[in-house]
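This report refers to the structure that appears directly beneath it.
There are 2 protein chains.
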Amino acid sequence: MPRVFTGSPVRDLLALTSRPEVISFAGGLPAPGLFDVDGLRSAYDRALSRRTLQYAPTEGDAALRGLVADRLTRRGLPTAAGDLLVTSGSQQALGLVATALLEPGAVVAVEEPTYLAALQCFRLADARVVPVAGDDRGVDPAALAEVIERDRPALLYLVPTFANPTGRTLDAARRAEVAALADRHGLWVVEDDPYGELRYRGEPVPPLASMSDRVLYTGSFSKVGAPGMRLGWLRAPESIMRTLVVVKQAADLHTSAVDQAAAAEYLAANDLDEHIRGLCAAYRERRDAMVDALPSTVPPGARWSDPDGGMFVWVSLPGGVDTGELVHEALRRDVAFVPGAAFYATGPDRSTLRLSFTTNAVEGIREGMRRLATVLR
Amino acid sequence: MPRVFTGSPVRDLLALTSRPEVISFAGGLPAPGLFDVDGLRSAYDRALSRRTLQYAPTEGDAALRGLVADRLTRRGLPTAAGDLLVTSGSQQALGLVATALLEPGAVVAVEEPTYLAALQCFRLADARVVPVAGDDRGVDPAALAEVIERDRPALLYLVPTFANPTGRTLDAARRAEVAALADRHGLWVVEDDPYGELRYRGEPVPPLASMSDRVLYTGSFSKVGAPGMRLGWLRAPESIMRTLVVVKQAADLHTSAVDQAAAAEYLAANDLDEHIRGLCAAYRERRDAMVDALPSTVPPGARWSDPDGGMFVWVSLPGGVDTGELVHEALRRDVAFVPGAAFYATGPDRSTLRLSFTTNAVEGIREGMRRLATVLR
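In structure tokens, the structure reads:
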């Protein structure tokens, strides 16, 4: 018999929201209109060669690793090409880390709520997932210390900057405390950072990985470039890189050499920072449009996040409603969101929901929020 | 502490054979000179779009699944698009199957010797690998029946056509017996078929998957198209497809939508069968050059396979030599092969070696075999 795993409710929902008349705030999709199609097409054209069509090293394309290392170094995380493993999206990095570090039954500590495909990944590795309490400043170091004491986690998984689904950022002081706990207890930490460059206000916070050698950092081309290419990277200490490469080799030998070379050509020939400034300008307006619409969309007593960056607004409704029921009514009115329950490792708060503000332009956001108001108020 | 896994000796060896003066028979690499670089470049150009740069369905590109299904159907394996999951190379298909079907400690039965990255993959899944005896006609059904009785395997892994590393093909009569055993005992079988279309003599043998619903069939674009694109597919019964999709989703969300769309564009605009006939003509000559050179390359008493297709000749040397030692001397003489021990799940025969005849042109093969003769004779 096959083993039984539960699918992602977000993916199932995405299938329902593919009707063109639906304004979807459900998927964490970048705005397709902002993809640099011409720049990428020309990068692929240059990248295609006998070399990039052949089998390639598991670790990844040398040029791409060098370019990504330079970018990370400039962002305050000193990195050499050899510190990086190229992965098929940062989603794959999570699976490789789980296989490399987790014996069956191992404990993984997570923020709650957190990225649901990470939860799936740890469950597939037969890990036990334990939540750590937090607040608007991110995970609470005192609560983490208790979980370490009680549950002896092998791994802590965090999206410290503009978290999915809450939009929260772990502040610098708490990062230092988390790093110190990781060092003291020999805890491995995954810093999942797909959104860090999408900042719409305030100053960057230093990467957790710059504060401790126990932190594995994973980044992605999906939110600043294009997700269809499935390119991510994992920065890991030398002590476990060898194991990660063996695991990656067994997983898929290597990530598409064509996609990797195209990304390297793109980064060498284009100013990604300039492209990201354009994304931030557009997404800032979209966040503002959504946050501005919220008071007239949700009932009195609702609370929501007003994120400094990333893709998501997180909403808590009053009065014990179940957003898993409300979403069906929303779909009937041609608007979609993700009910919050799936983002919880343990006891879900069913009165929560996640709204993505990046996919739709400002006018679409305003219309979608008007539709949503008829469901929520 | 990270878990400890052993790396692939083939990959380690490939690093040593990258000196340009080495004639390598080690890697299972297609001939880069035969890649259709122009056809693929123009396919990528057509494939690049806002749609293919966005997140995509986990199951795979609809057009590609349809085109692959049609090809499989024409080859005697009736297949609908919905029966297929696109994977990042067929290597990934093995990992997905292992995660979907194997509880820790489950038994996997394999031919011996067999594809070593499959062995790695099953070991990472904490499976116990049990060999099944065979001969030049492939795995022995009577031996398989005994293993089923004794070890209760959850899965049987086979490369039934032009096996890696032996070049052997499981004949039609034995296929029927294996299929009947699978049906009778509820055994899952993986039919790994990257080489089946590379036939240089004789008639095609029906796919094992056409004989039983217990067979998961995996194919690849790597040997007939280009491996750098990392495209494979898994044909699986409906009863386990849902689980496989969930596992794939947790692994990497989906395979590169750009690579998938490019392959679909390529298959729609080009005659892949004609391209494969060209590959077969070239590889047939190369196989013949290698097999013709063998009598003057190996010592008297050596035995070797003369495969009807695929990429590999398998050699057994007399006199209790250890090819793991001989390979160092070979590298000093600028020629490389893979020592056979790594292909064994259990007691390795250290007097064996694998030679790939596809990567080098005929003149290179002759020169490489002359160098090899100075080491082996």
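Residue numbers (my numbering), protein chains in the order written: chain X, 2 to 378; chain F, 2 to 378.
Ideal Cβ placement from N, Cα and C applies to all residues, glycine included.
Nothing here was measured: the structure is a model prediction, and the numbers come from that model.
- Within chain F, the residues placing a beta-carbon under 7 Å from that of Cys122 of chain X are Ala251, ordered along the chain.
- One finds Ala251 and Ala252 in chain F with Cβ atoms closer than 7 Å to the Cβ of Gly96 of chain X, taken in chain order.
- For Ser357 of chain X, the uninterrupted beta strand (DSSP E) segment begins and ends at Thr353 to Ser357.
- In summary, Pro114 of chain F is buried, with 16 or more beta-carbon neighbours lying within 10 Å of its beta-carbon over all protein chains present.
- With a 10 Å radius around the Cβ and a threshold of 16 neighbouring Cβ atoms, Glu112 of chain F comes out buried.
- Residue environment analysis places Arg288 of chain X among the buried positions, since at least 16 neighbouring C-beta atoms fall within 10 angstroms of its C-beta.
- A direct Cα-to-Cα measurement between Glu266 of chain F and Leu65 of chain F gives close to 8 Å.
- The straight-line gap separating the alpha-carbon atoms of Val140 of chain F and Ala303 of chain F is approximately 22 Å.
- Between Tyr56 of chain X and chain F, the shortest Cβ-Cβ separation is below 8 Å.
- Interface flag for Val248 of chain F against chain X is set, since a Cβ pair is found closer than 8 Å.
- For the stretch 30–48 of chain X, the set of positions with a beta-carbon nearer than 8 Å to some beta-carbon of chain F reads Leu30, Pro31, Pro33, Gly34, Phe36, Val38, Leu41, Arg42, Tyr45 and Asp46 in chain order.
- Between Ser43 of chain F and Gly168 of chain F, the C-beta gap is not smaller than 8 Å, which leaves the two residues out of contact.
- Here Ala343 of chain F is buried, its C-beta having at least 16 other C-beta atoms within 10 Å.
- Around the beta carbon of Arg236 of chain X, 16 or more other beta carbons lie within 10 angstroms, which makes this residue buried.
- Asp62 of chain F is outside the set of residues whose beta carbon lies under 8 Å from a beta carbon in chain X.
- DSSP links Tyr218 of chain X through a beta bridge to X:Glu192 and X:Arg236.
- By the neighbour-count criterion, in which 16 or more other beta carbons inside 10 Å mark a residue as buried, His329 of chain F falls on the exposed side.
- Taking each of F:Leu49, F:Arg153 and F:Thr162 in turn and checking the Cα distance to Glu198 of chain F, the smallest one comes out for F:Thr162.
- The beta carbon of Asp214 of chain F sits closer than 7 Å to those of Pro238, all from its chain and outside the five residues before and after it, given in chain order.
- Around Ala362 of chain F, no beta-carbon contact reaches into chain X at under 8 Å, the shortest distance being about 14 Å.
- Taken atom to atom, the span from the alpha-carbon of Met212 of chain F to that of Leu245 of chain F is near 22 Å.
- Note on geometry: alpha-carbon atoms of Phe36 of chain F and Asp152 of chain X lie some 53 Å from one another.
- When secondary structure is reduced to three states using DSSP, Arg334 of chain F falls in the coil class, being assigned neither helix nor strand.
- In this structure, DSSP gives Tyr345 of chain X a state outside helix and strand, which the three-state scheme calls coil.
- For Asp136 of chain X, DSSP records a beta bridge to X:Gly139.
- Contact annotation: Asp194 of chain F and Gly233 of chain F have beta-carbon atoms that are not nearer than 8 Å.
- Ser317 of chain X carries a strand assignment under DSSP once its states are collapsed to helix, strand and coil.
- Excluding its 5 nearest sequence neighbours in each direction, Ala177 of chain F has C-beta neighbours in its own chain below 8 Å: Met212, listed in chain order.
- Counting along the chain, Ala110 of chain F sits inside the beta strand (DSSP E) bounded by residues Val108 to Glu112.
- A direct Cα-Cα distance of roughly 33 Å separates Asn165 of chain F from Ala48 of chain F.
- Put simply, the CB of Ser25 of chain X is far from chain F, with every gap to its CB atoms at 8 Å or more.
- Contact between Gly90 of chain X and Arg231 of chain X is confirmed by a C-beta separation of about 4 Å, below the 8 Å threshold.
- With a minimum length of 4 residues, the unbroken runs of alpha helix (DSSP H) contained wholly in the stretch 261–324 of chain X fall at 273–294.
- Classified as buried, Ser352 of chain F has 16 or more neighbouring CB atoms from the shown chains inside 10 Å of its CB.
- About 34 Å separates the Cβ atoms of Val109 of chain X and Val336 of chain X, ruling out a contact at the 8 Å cut-off.
- Within chain X, the residues placing a beta-carbon under 7 Å from that of Val259 of chain F are Gly229, Met230 and Asp260, ordered along the chain.
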